[in-house]
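Residue numbers (the numbering used here): 519 to 665.
Note that the Cβ used here is the ideal one computed from N, Cα and C, for glycine as well.
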C-alpha cells in the first residue's frame, strides 16, 4: 500500500554551492549500498511472496524495486534467497554500468539481508546444501559463486 501511495513522488538531487553553517557536510565516498528483503506469502489470493531491493550511491537512492515473486515459496528463507538472487543479478548490471562510466567504488560490493538463515546458506562454503528443493540449491550455488 505504501508503494502505491508514493508512486508519483520523485527524488531530486541538487548541488549546494556555498554550504551554510547549519548544514553538516558528509564525506562523499563512492559507497554503493545494496539491500534485499522479502515478505513471505503476503499475497492472500496467490500466496506469493513480495521481494524488494534498494540501491544507494553517495548517500542517496539510485534505484529500488518491489515485485511479487514468480514462484510460491514454502518458507521465509526460500523467499529471501530468491530475493537475494534477483538483487545480485541487478547488482551485477549496476556495477558493470558504473565501470563503463569510469566510476570506481571505495569498497567491495555487498548485499545486506536481514534473514540469518539465508545469509548462513549463502556464505557457508558447503559444496551443496542438503535439501530436496533443487531450485533453492541452484540459487544458493549461483549466489555463492557470484559473491
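A residue is called buried once 16 or more other Cβ atoms fall within 10 Å of its Cβ, and residue 621, having fewer, is exposed.
Within the stretch 589 to 636, the complete beta strand (DSSP E) runs of at least 3 residues fall at 629 to 631. Counting along the chain, the unbroken beta strand (DSSP E) around residue 575 starts and ends at 568 to 575.
Residue 586: member of the beta strand (DSSP E) spanning 578 to 586, first to last residue. With a threshold of 16 other beta carbon atoms within 10 Å, residue 639 meets it and is buried. At a Cβ-Cβ threshold of 7 Å, residue 624 and residue 548 count as neighbours.
A Cβ-Cβ distance of about 6 Å is found for the pair residue 632 and residue 555, placing them in contact under the 8 Å criterion. Contact between residue 592 and residue 566 is absent: CB atoms are separated by about 12 Å, not below the 8 Å threshold.
DSSP places residue 550 in the uninterrupted beta strand (DSSP E) bounded by 550 to 557.
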